[in-house]
Every structure is written in C-alpha cells, then in structure tokens.
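Anchor point for the sequence shown: position 486 equals 488 in our numbering, and the numbering is continuous, going up by one each time.
The beta-carbon is built from N, C-alpha and C at its ideal position, and this holds for glycine as well.
Predicted, not measured: the structure shown is a model, and the values here were computed from it.
The structure under discussion appears below in the form of structure tokens.
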Amino acid sequence: MTTDMNSSPAPAQRTAAPAGSASASLYVGDLHPEVNEALLFEIFNTVGPVASIRVCRDHATRRSLGYAYVNFHRVQDAEHALDTKNFSVIRGQRCRIMWSNRDPSLRKSGKGNIFVKNLAKHIDNESLFDTFSVFGNLLSCKVASAKSVNGLKGESLGYGFVHFENEADAQTAIDKVDGKSIGGQVVSVAHFKSKSERTGGKGLTFTNCYIKNLPTENFDEKELMSEFEKCGKVSSVMLARDKETNALKGFAFVNFESSEGAMKAVELHNGQDFKATGKKLFVGPAQKKEQRIAMLSNQFEKMKMERAKKYAGANLYVKNLSDDIDDAKLRELFTPFGAITSTKVVMDNGKSRGFGFVCFSVPEEATKAVTEMNGKMVNNKPLYVALAQRKEDRRAKLAAQHAARNKQAMFQQGAPMFYAPHQGMHLRYPQPMMMMPRPMGAMGHPGGPGMNFVMQPQRGRGRGAMQRGRGRGQMQGRGRGRMNRGRGNGKQQQGYKFNQNVRNNRQDQIPSVPVPMPVPIPSAEGQALSLQQLASASPDKQREMIGERLFPLIQARQPTLAGKITGMLLEMDNGELLHLLETPAALDEKVKEATAVLADAGAGGDAEEVAPEE
C-alpha cells in the first residue's frame with residue numbers, strides 16, 4: 003500500500019538562513035540565457051537594497067552559463083527574496099534559488115544529501131521542494147533534466163537531489179517518503195552516494211553491453227547468448243530487427259547479472275572477428291543518447307585541442323584568393339618557404355570560397371611565409387596571410403575588440419567637452435581640438451588679407467585661453483580687443499576689424515599702417531574629401547581638413563555652440579566623420595546628441611564660462 007505525498011500540508015517556514023551563516027548572498031540557477039544583470043536587479047531590488055549582481059558567463063563566448071549570484075546588504079532581505087522569489091518565472095523559465103556557500107566542503111561531504119529516483123515526468127523543482135521541506139530546512143533541491151540545444155531546460159530525467167541542512171532531517175525524509183507515491187508514481191529515496199562509493203573505487207561499472215557489426219543473416223538470439231554466456235550469467239538478450247521486414251540490423255544488447263561479466267565480455271569480444279565476417283565486433287557499455295553525445299563531444303574537443311597544440315604557429319590562414327587557385331597552386335605559392343605538410347582551399351559546390359590553409363612543418367617557416375606573402379599581389383589580388391586561429395579564440399578576440407570600441411564610443415558621446423572645471427580640479431578628459439577662425443596672411447602670418455579656419459587646442463589656463471562672456475559668440479584673445487563673430491545661421495563669415503588703439507607687444511616692430519579688411523578665401527565646404535586625400539596627410543592636417551568642412555555645417559545648425567560641438571565630433575574616427583559630411587541626417591543626430599550633453603553639463607549658450615587666471 004502506497005501513500006500519495008501530495009496531500010502533505012504546506013510548510014510554514016521553508017527558507018530560513020543556514021545556522022551560523024551571516025552571508026546575504028543567493029545563488030540563482032536555471033536562468034534563461036537572455037537574463038542579464040539589469041533584469042535581475044529590477045526583480046530583486048523590489049525585495050530590498052541589492053549590493054551587487056553577477057551573471058556567470060563563458061570566458062570565450064560571453065554567453066550566460068544559466069546561473070547568477072545576487073548579493074544583498076542585509077541577511078533579512080536575502081531570506082525574504084528566497085521565500086518570495088524562489089521558483090518564480092523569469093523570461094518564461096522558473097528559476098531556482100538557494101543560499102550561496104563559498105565553502106564546498108559541505109556539498110562534497112554528502113551529509114544531509116539524499117537521492118530521489120523514479121520521479122514522474124511532471125514533478126519539477128518546486129513540487130519536490132514542497133514535498134521534502136516539511137521535514138526540515140533545505141539548502142538546495144533540484145530535479146535533473148536534459149538540456150536542449152539552445153541551453154533551455156528540457157524534459158525531466160526522473161531523478162533529483164534534496165540537500166538538508168540537518169542530517170537527522172534527511173534520515174527522517176528517507177524513512178517517511180521511501181516507497182511512497184509522489185505524483186502517482188512510487189519513488190525510491192536513499193542517501194546520496196558519490197560515484198566512487200557506488201563503484202567501490204573501481205571506476206565505471208555497468209551490466210548492459212552494446213554490440214555492433216554482428217552478422218545480418220543466419221544468426222539469432224540463441225547463438226548470441228551462447229557466445230556471451232562464456233563471460234558470465236546473462237539475464238537478457240535483445241537482437242535488433244526491422245519492424246516491417248524482421249531483418250537483422252547488425253547490433254544487439256546483452257545484459258549480464260554482474261558487472262564483472264559485462265567487463266569480461268568487453269575485454270574478450272571487443273575487436274574480435276566474429277564468425278569470420280570480416281568485420282570486427284564493437285563491444286562496450288550501453289549508453290543513453292545524451293551520454294553518447296557528451297562522450298563523442300569530449301573526444302572531438304580533445305582531438306581538436308591536440309591538433310591545435312601540435313600545429314600551433316605552423317598553420318597559416320590565407321584569404322583573398324582568386325577563383326582559379328586550387329590546392330596544388332596554393333602549395334606551389336608557399337613551397338619556397340619550407341616543407342609543407344598540407345594545403346587546403348575551401349570549396350563550396352566545386353567553387354573556391356576565396357580562402358584556404360597552408361600548414362608548414364615548423365613554426366619558423368610559417369613565420370617567414372607570413373612576412374613574405376602577406377600583401378603580395380597574386381593574380382591582381384593582394385593576399386592576406388596570418389596565423390590560423392581556433393574559432394573560440396577568434397570569437398574571444400572579436401568580443402574583446404567590440405567591448406573596447408563600445409567603451410570608446412561611450413566615452414566620445416558622453417564626455418562633457420569644453421566644460422570649465424572648478425579651481426583645484428583636474429580635467430578628466432583629453433583636451434579636444436576646437437575650430438576657431440584666424441586671419442591668415444600670404445605667408446601664414448596673422449593680419450594678412452586671407453581668412454581660414456585652423457585647429458587650436460582649448461587651454462584651461464593663461465591669458466591666451468578662449469573666454470566666453472555673457473554675450474554669445476564673443477571670444478577674447480591675447481589683447482583686449484575682441485573679435486566679434488556674426489550669427490548668420492550658416493551664412494558667410496563676417497570680416498574681422500582690429501582696434502588700432504590697442505597696445506600691442508609687437509607695436510614697435512609693426513609699422514603703423516591701416517589694416518585692410520580681410521577677404522575670406524573660398525570655403526572648402528563644397529569640396530569633396532576622400533579617404534585617399536586623408537591618407538596622404540599628417541594626423542594634424544587630417545583633423546584640419548575635416549574640421550574646415552565640418553564647422554560651417556554645424557554652425558548652420560547650432561551657431562552658438564558650433565566650436566564646442568566641432569571639437570566633440572573631431573574625437574571620432576575619420577571614417578565616421580566622412581559619413582557625417584556625406585549624410586545630413588546623421589550629422590543632425592550627432593549635433594542633437596552633443597547639444598544634449600552640453601546642456602546636461604551646464605555648458606549651454608547662456609552659461610558663463612571663464613577660464614581661471616594664473
């Protein structure tokens with residue numbers, strides 16, 4: 003007679019903190035792969051102040067491993083979160099929460115840990131928790147399940163584990179539940195035993211053998227049993243047959259009563275030429291599909307690692323190959339640099355995909371080939387030659403580069419440019435370049451008839467620093483004279499008039515003659531600018547060329563903040579700046595972002611910004 007445990011009353015207290023534990027850290031498992039720190043913070047911060055959250059990820063791919071750690075400031079908040087959020091649904095999947103214990107000795111000792119098998123398929127973590135929590139405080143509870151390809155939980159495997167804080171509570175649970183019905187199915191409950199304890203220290207033990215490469219004609223179960231009974235007493239034999247034709251499929255299962263007989267059968271018959279069929283038998287432990295997949299995957303990964311280690315530094319990746327280059331021509335190209343063990347041009351339906359691999363016998367020859375062949379023109383196409391990398395290594399490198407670019411982009415977009423710091427503070431950002439008009443003479447001296455836009459770094463100290471008064475668009479130079487910049491909303495720049503009454507340090511050297519009004523030179527805004535032109539110029543000249551074209555466009559959109567915004571945008575890459583010059587919509591968006599940053603930093607048009615005196 004069995005008793006259904008589902009009628010047990012719900013426990014009043016299920017999630018008390020472990021005795022003697024002052025930790026406020028929780029382990030959150032069975033998470034959906036898309037769950038991140040922000041989502042978990044939003045969920046758990048409603049319970050109490052969260053100190054930190056970390057989702058554990060794969061080092062190479064940065065994909066979630068399906069579990070995280072949530073740290074609270076107070077143990078009471080952690081207890082409340084464990085009681086209210088355990089088994090809650092996050093992104094369509096029930097999470098599993100338990101106390102985080104950094105000391106693995108309790109888990110490895112096995113004390114208070116019980117093993118439950120023959121569970122019904124519909125029994126999940128929460129049902130198992132509700133069943134056993136009436137006997138004492140639980141540290142963890144889990145139903146083993148198969149994992150799908152996308153990392154989500156699959157179907158229950160029919161067994162689970164329950165870890166009690168107190169060993170006496172675990173024994174009580176075994177006495178009460180073993181042989182009882184849970185969910186309409188009688189279960190078996192016993193103390194958990196490690197693999198070494200189950201096998202007696204002998205490693206893997208099994209009784210069921212899988213046999214393949216058997217004869218498919220003139221062979222039956224009696225012959226199979228008589229052959230394997232020589233190794234030990236056989237309890238059952240199953241010879242695989244086709245359901246429709248009853249033809250033999252060439253494999254079978256033989257189950258022994260003892261593991262010694264099964265291991266002896268593997269030792270005697272594996273690799274044997276049975277009945278002179280010309281095929282060698284394969285005899286090994288019978289495995290489930292998941293076990294075979296895991297074993298083959300481990301073997302394949304081990305082979306890949308050994309191969310990568312063997313050919314480290316000697317295998318080359320070659321791309322940008324012309325369509326007429328095959329394995330033989332590729333070998334011919336690289337033969338002068340050393341002994342080649344293999345060459346391979348990757349094909350798709352008989353057509354080259356434009357890349358391949360060349361493996362040398364020693365790394366020194368491969369290094370020489372990279373030096374000589376990288377960039378060499380072959381059939382009017384420059385080759386790209388580099389050391390071959392494993393997919394995981396390439397993915398990790400690209401992920402690191404992408405993270406660095408994102409960090410740099412966040413810095414460029416969020417840095418408050420031209421923000422005057424208080425006295426005693428240091429600038430947190432590099433001093434940006436700013437476009438300012440300066441009169442240029444024929445020989446490059448100020449005061450001549452020409453006018454051009456030049457790059458000048460903003461300086462935070464000294465009388466030569468640019469100062470903006472309350473009147474918009476006014477800039478103060480070294481003397482007391484001011485250069486008034488017109489606010490024409492994109493119109494031609496107005497001329498500049500120098501005050502003759504200003505005392506100048508160079509007054510004795512410059513003859514007192516009327517200074518003519520400068521005549522603006524033709525704007526470079528309408529001239530096309532390409533990467534080829536930039537490549538032939540120095541870095542400073544590149545910024546000047548781009549700034550000359552960018553400043554008028556920005557001034558038409560933001561007359562009072564054109565210099566600041568230009569300096570902000572000039573921190574971007576040249577390719578992105580060229581895109582802004584060619585795409586007005588993209589430029590509008592960047593100008594809006596820069597204006598918002600300046601507004602947040604308190605650097606609007608009406609704000610007073612004065613550089614400190616020395």
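Secondary structure of Met379 (DSSP, three-state): strand. Sequence-distant partners of Asn381 (beyond 5 residues in either direction) whose C-beta falls short of 6 Å from its own C-beta, in its chain, are Ser324. With respect to Phe163, Lys144 sits close: the two C-beta atoms are nearer than 8 Å. In the structure shown, Lys195 falls within a coil segment according to DSSP collapsed to helix, strand and coil. With fewer than 16 other CB atoms across the displayed protein chains lying within 10 angstroms of its CB, Pro384 is exposed. Taking the C-beta atoms as reference points, Ser196 is found nearer than 8 Å to Gly112. At a cut-off of 4 residues, the continuous stretches assigned as alpha helix (DSSP H) that sit fully inside the stretch 357-402 are 365-375. In the three-state reduction of the DSSP assignment, Asn257 falls in the strand class. Burial is judged here by how many other beta carbons sit within 10 angstroms of a residue's own beta carbon; His34 has at least 16 and is buried. Closest option to Leu159, judged by alpha-carbon separation, among Gln293, Lys245, Gln274: Gln293. Ala371 sits close to Val387, with the two beta carbons spaced by under 8 Å. In this structure Phe362 is in contact with Thr343, their Cβ atoms being roughly 7 Å apart against a cut-off of 8 Å. Contiguous beta strand (DSSP E) elements confined to the stretch 22-58 occur at 27-31, taking only those with 3 or more residues. DSSP places Glu157 within a strand segment (E or B) once states are collapsed to three. Looking at Glu39, Gly356, Lys119, Gln95, the one whose alpha-carbon comes closest to that of Lys321 is Gly356. By the CB criterion at 8 Å, Ser25 and Ser102 fall inside the cutoff. Secondary structure remark: continuous alpha helix (DSSP H) runs of at least 4 residues inside the stretch 72-129, in chain order: 77-87, 107-111.
Counting only the Cα atoms, Glu334 lies some 58 Å from Glu262. Distances from the CA of Ser183 to each of Ser129, Gly50, Ala80 were compared; the closest alpha carbon is that of Ser129. Contact between Asn257 and Asn210 holds: CB atoms are separated by about 5 Å, below the 8 Å threshold. Out of Ile295, Ser260, Asn215, the CA that lies nearest to the CA of Asn272 is found in Asn215. Contact check for Arg559 against Leu583 fails: the beta carbons are separated by 8 Å or more. A distance of 8 Å or more separates the beta carbons of Val52 and Asn38. With contacts defined as CB atoms closer than 8 Å, Phe339 and Glu374 qualify as a contacting pair. The beta carbon of Ser238 sits closer than 7 Å to those of Asn257, all from its chain and outside the five residues before and after it, given in chain order.
Each of Thr597, Tyr161, Ala170, Leu579 was checked against the Cα of Leu140, and the nearest Cα belongs to Ala170. In this model, Ser354 and Tyr319 are separated by some 15 Å (Cα to Cα). Cβ-Cβ separation between Val30 and Ala80: approximately 11 Å, too far for a contact (criterion under 8 Å). When C-beta atoms of the stretch 174-182 are compared with those of the stretch 230-250, fewer than three pairs fall below 8 Å, so the two segments do not count as touching.
The Cβ neighbour count for Gln274, taken over all protein chains shown within 10 Å, is under 16; the residue is labelled exposed. Residue pairing by DSSP places Gln187 opposite Ile184 in a beta bridge.
Scanning Pro561, His581, Leu563, Ala146 for the CA closest to the CA of Ile548 turns up His581. For Met570, the number of other beta carbons within 10 angstroms of its own is at least 16, and it is reported as buried. By the C-beta density criterion, Leu84 is buried, having at least 16 other C-beta atoms within 10 angstroms. An exposed status is given to Lys123, since fewer than 16 other beta-carbon atoms sit within 10 Å of its beta-carbon. By the neighbour-count criterion, in which a residue is buried when 16 or more other Cβ atoms sit within 10 angstroms of its Cβ, Glu578 is exposed.
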